[in-house]
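> Shown below is the structure under consideration.
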Amino acid sequence: MAQATKMGADTATLEARRRRSTGHACSKCGGEIAQGDLLMVRVMAMEPSGRPRNRKVPYHRKCYGL
Ligand SMILES: [Zn+2]
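Under this note's numbering, think of the first position of the sequence shown as -9, with each following residue one higher.
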């Protein structure tokens, strides 16, 4: 397909990229998260000073969904 050629990545390459680790650890199970499995959830956390702060928490897609 012309479009796939233009993007320069075949299925195997995309799959390898999906499996590569992101370096994030899941907040629920503590396991390492692969590229294709990463879900960043934005949560609002209150600091001790009383100011709200946005924080991003990494989850596996399957861990957050359950
Ligand atoms: Zn997990």
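Quick reminder that beta carbons are idealized off the backbone N, C-alpha and C, glycines included.
Any idea what DSSP makes of residue 8, helix, strand or coil?
It is helical.
> Can you name the residues that DSSP bridges to residue 18?
Residue 18 is not bridged to any residue.
> To the nearest angstrom, how far is it from the Cα of residue 7 to the Cα of residue -1?
Cα to Cα, residue 7 sits roughly 10 Å from residue -1.
> Helix, strand or coil for residue 13 per DSSP?
Strand at residue 13.
> Would you say residue 17 and residue 49 are within 7 Å of each other, going by their C-beta atoms?
Against a cut-off of 7 Å, the Cβ pair of residue 49 and residue 17 comes out as a contact.
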